[in-house]
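Shown next, in structure tokens, is the structure this report addresses.
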Amino acid sequence: MEVKKEMKSDIEIAQQAVMKPIIHIAEKIGLSDDDIELYGKYKAKISSQALIDLKKNKSGKLILVTAINPTPAGEGKSTVTVGLGDALNKLQKKAVIAMREPSLGPTMGIKGGAAGGGNAQVLPMEDINLHFTGDLHAITTANNALAALVDNHIHQGNECRIDQRRIVWKRAVDLNDRALRKVVIGLGGPLQGVPREDGFDITVASEIMAVLCLAADITDLKKRLSQMVVAYNVDKEPVTVGDLGVEGALTLLLKDAIKPNLVQTIEHSPAIIHGGPFANIAHGCNSVIATTTAAKLGDYVVTEAGFGADLGAEKFLNIKSRNKEINPEIVVIVATIRALKMHGGVAKQELSLENTEALKTGFANLQKHVESIQEFGLPFVVAINKFVTDTEAEIEVLKQLCEQAQIPVALTEVWENGGDGGVELAKKVLAILEQKEQKFEHIYPLDASIEEKIHTIASKIYGAKSVEYSSKAKKQIADFEKYGWANLPICMAKTQYSLSDDPSLIGRPQGFSITIREFKPSIGAGFLVALTGDVMTMPGLPKKPAALKMDVDENGKAVGLF
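Residues 178 to 739 in our numbering are what the sequence shown lists, from first letter to last.
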């Protein structure tokens with residue numbers, strides 16, 4: 178009689194792991210006591226001076242981890258990122274992991290945290306998923322300080338002649354709170370300010386988050402903050418942070434948040450976790466500073482981009498890589514049999530049942546993401562992130578489908594086995610890196626028109642037949658050309674669940690159009706956000722949020738955190 182092994186939760190596995198003092202992890206990658214600033218025993222920030230000193234080091238090879246379109250079945254992209262880093266270190270390669278910081282909105286809502294899973298996690302998992310080193314709180318404070326300064330400027334005489342109907346800077350909070358999407362402020366008489374409509378974004382949608390993640394250093398951070406547009410004046414001309422003269426104050430609030438955070442995996446691999454913009458409404462990548470620092474500390478860097486390759490990877494390659502010439506050498510595309518079956522039309526409650534026909538149908542989604550990566554000239558490998566419900570027949574079918582399509586593939590079992598479960602993937606990645614020289618190139622030039630850039634993304638990455646624009650979007654394009662913003666890259670804001678802008682169109686939809694309803698200029702970040710569909714910049718909580726299961730015991734130990 179077979180005895181089933183008890184499945185521990187992520188938090189149980191994390192709490193049973195034995196961490197090393199972070200100074201020991203720092204020493205493994207050549208950092209001294211003076212190079213790090215301790216946040217307790219197991220977390221540290223890398224100092225400003227160390228970041229400067231590291232610039233002389235040669236950069237390691239960059240491995241970008243992305244995925245198919247996510248489903249409620251889960252893909253485990255962060256888990257594979259951690260497991261691949263552990264596997265490379267097991268193979269005696271000097272590998273450093275670079276990941277995003279989790280947002281409290283998804284953590285307390287439905288998506289969960291972003292510290293990996295099972296035996297492929299970054300630690301201390303509870304801290305990372307909650308307040309960590311306070312970076313997101315600093316960004317929230319800087320965002321809201323700017324909002325307060327804008328309203329005070331108007332109250333105190335409005336020297337910049339801001340049209341209070343055209344203020345585009347919103348307040349922020351790092352929680353899902355639908356009640357704050359639209360608010361009215363300044364009520365109560367002349368002493369309470371000027372009444373107007375306002376709203377809140379979730380912190381990870383704030384332009385300050387994008388600015389922090391794309392800044393090269395603190396000087397570049399200040400410059401980018403000064404370029405952020407907060408409103409338009411009565412002549413419909415943009416008003417910036419620099420016009421208000423408050424970029425210095427905002428930079429001061431962010432002086433520690435800009436330093437990347439050093440932690441460890443369960444297997445004591447070094448991991449740098451820093452920044453966390455959403456990938457559907459922002460560019461979805463950890464900070465430029467985190468990625469470049471990891472590259473200076475390791476021979477290999479394993480990093481990730483949010484959601485599927487149509488969002489996070491496209492933005493990494495067209496925005497982040499363009500920004501600081503961070504060019505990946507290879508891309509890992511994570512897929513699960515469960516998610517592919519869901520893309521093949523299987524309901525979530527039936528995913529544990531074997532269904533090779535649905536798997537074959539859903540394979541089209543994976544194949545499109547492979548084609549998208551090929552558009553950039555990059556080599557790739559598909560990682561099958563194995564779940565306990567996957568059958569041998571399904572695994573074999575997926576491997577055969579990949580083989581027939583000449584797609585390199587590796588089975589990964591990092592959730593269950595940590596680094597050991599990622600060795601096959603690591604060996605495949607290393608073999609491809611030795612065989613193939615990357616010929617990475619962006620899929621559009623910056624001097625292309627706004628419409629040309631959007632059409633290129635929509636057709637080559639999504640598979641759309643056409644792009645349509647609302648009258649508001651058309652007017653904004655004309656305004657952006659007048660302001661000199663047309664040469665910026667495009668950050669497409671769309672649903673993560675579909676290659677189209679309709680979340681119900683799963684798999685590989687054909688013959689669809691993408692509709693651009695409006696734009697949001699993120700001039701400090703250095704891109705134009707094109708909004709499609711009903712993408713929310715302030716999510717709401719589900720009927721039964723994850724917070725309902727969370728608690729803390731009498732010893733201060735977290736309970737129910739995944």
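From the three backbone atoms N, C-alpha and C, an ideal C-beta is built for every residue, glycine too.
What residues are listed by DSSP as bridge partners for residue i?
i, result
"Pro698", "Leu705"
"Phe557", "Val508"
"Thr480", "Leu241 and Ala275"
"Gly485", "Partner(s): none; Gly485 has no beta bridge."
"Val407", "Paired residue(s): none; Val407 is not in a bridge."
"Ser690", "Ser643"
"Phe377", "Arg348"
"Met669", "Ala707"
"Val736", "Asp728"
Using the C-alpha atoms, what's the distance from residue j back to residue i?
i, j, result
"Met178", "Ile609", "A caution first: Met178 carries a pLDDT of 40, below 50, which makes its placement in the model too unreliable to give a value."
"Lys181", "Ala467", "Because the pLDDT of Lys181 is 45, which lies under 50, any placement of that residue in the model is unreliable, and the question is left without a value."
"Arg499", "Ile213", "29 Å"
"Val509", "Ile240", "7 Å"
"Ala356", "Val350", "12 Å"
"Ala641", "Gln687", "7 Å"
"Ala723", "Asp730", "17 Å"
"Glu614", "Ser636", "26 Å"
"Lys525", "Asp375", "38 Å"
"Ile620", "Arg358", "35 Å"
"Ala194", "Gly453", "25 Å"
"Gly253", "Ala244", "9 Å"
"Glu580", "Val586", "8 Å"
"Ala227", "Ile503", "20 Å"
"Val547", "Val360", "43 Å"
"Pro505", "Ala512", "20 Å"
"Ser699", "Leu313", "19 Å"
"Thr566", "Leu528", "8 Å"
"Thr714", "Ser549", "26 Å"
"Asp711", "Asp679", "9 Å"
"Ile507", "Ala325", "44 Å"
"Thr248", "Ile584", "22 Å"
Do residue j and residue i count as a contact pair if the criterion is CB distance below 8 Å?
i, j, result
"Ala702", "Glu481", "no"
"Leu402", "Val418", "yes"
"Gly737", "Lys726", "yes"
"Ala735", "Glu278", "no"
"Ala292", "Ile274", "no"
"Leu391", "Val465", "yes"
"Phe657", "Ile683", "no"
"Glu601", "Glu571", "no"
"Phe739", "Ser186", "yes"
"Asp487", "Tyr674", "no"
"Val242", "Val479", "yes"
"Asn438", "Thr538", "no"
"Leu603", "Leu300", "With the sequence shown as reference, residue 603 is identified as Ala, and Leu is not the correct amino acid for it. Contact flag unset, no."
"Ile395", "Ile435", "yes"
"Leu543", "Val574", "no"
"Pro666", "Phe696", "no"
"Arg348", "Ala541", "no"
"Val257", "Asn463", "no"
"Gly282", "Asn353", "yes"
Can you give me the Cβ contacts of residue i inside the same chain, cut-off strictly under 7 Å, excluding the 5 residues immediately before and after it?
i, result
"Gly260", "Ala297, Thr589, Val591, Gly595, Gly596, Gly598 and Gly599"
Output needed for residue i: all residues of its chain with C-beta closer than 8 Å, excluding positions within five of it in sequence on either side, in chain order.
i, result
"Leu190", "Position check: residue 190 holds Ile in this sequence, whereas Leu was assumed. Here the set comprises Gly295, Asn296, Gln298 and Ile443."
"Phe455", "Ser280, Ile379, Val381, Ala382, Gly461 and Gly483"
"Ile693", "Ile631, Val644, Glu645, Tyr646, Ser647, Ala650, Ala707, Leu708 and Thr709"
"Glu569", "none"
"Ile188", "Met302, Glu303, Ala735, Val736, Gly737, Leu738 and Phe739"
Under 7 Å: does the beta carbon of residue i sit that close to some heavy atom of the ligand SAH?
i, result
"Asn266", "What this structure holds is no ligand at all, so the ligand SAH is not there to describe."
Identify, in the order they occur along the chain, each residue of the same chain with its Cβ nearer than 6 Å to the Cβ of residue i, setting aside the five sequence neighbours on each side.
i, result
"Tyr477", "Gly237, Lys238, Leu265, Lys270 and Ala272"
"Ile287", "Pro719"
"Lys218", "Pro198"
"Leu623", "Asn664"
"Ile206", "Pro447 and Leu474"
"Ile344", "Ala408"
"Val406", "Pro415, Thr417, Pro698 and Ile700"
Please check if any C-beta of chain B sits within less than 8 Å of the C-beta of residue i.
i, result
"Gly282", "This model lacks chain B altogether; it includes just one protein chain."
Segment contact flag, the region 545 to 558 with the region 490 to 497, C-beta cutoff 8 Å, min 3 pairs: Flag = yes, the region 545 to 558 and the region 490 to 497 touch.
Please determine if the region 415 to 432 and the region 666 to 678 are in contact, where contact requires at least 3 C-beta pairs separated by less than 8 Å. No, the region 415 to 432 is not in contact with the region 666 to 678.
Any 3 or more C-beta pairs closer than 8 Å across the region 473 to 488 and the region 235 to 243: Yes, since at least three Cβ pairs between the region 473 to 488 and the region 235 to 243 fall closer than 8 Å, the two stretches touch.
Contact the region 515 to 533 vs the region 640 to 652: 3+ CB pairs below 8 Å: Pairwise C-beta distances place the region 515 to 533 out of contact with the region 640 to 652, as fewer than three of them are shorter than 8 Å.
Counting pairs of beta carbons, one from the region 201 to 210 and one from the region 432 to 449, are three or more of them closer than 8 Å? The region 201 to 210, when compared against the region 432 to 449, does touch it at the 8 Å Cβ threshold.
Any chance the region 356 to 370 sits against the region 385 to 402, with 3 or more Cβ pairs inside 8 Å? They do not touch, by the three-pair rule.
Any 3 or more C-beta pairs closer than 8 Å across the region 336 to 353 and the region 405 to 414: Touching, yes.
Just checking, does the region 319 to 333 make contact with the region 426 to 441 on the three C-beta pairs under 8 Å criterion? The region 319 to 333 is in contact with the region 426 to 441.
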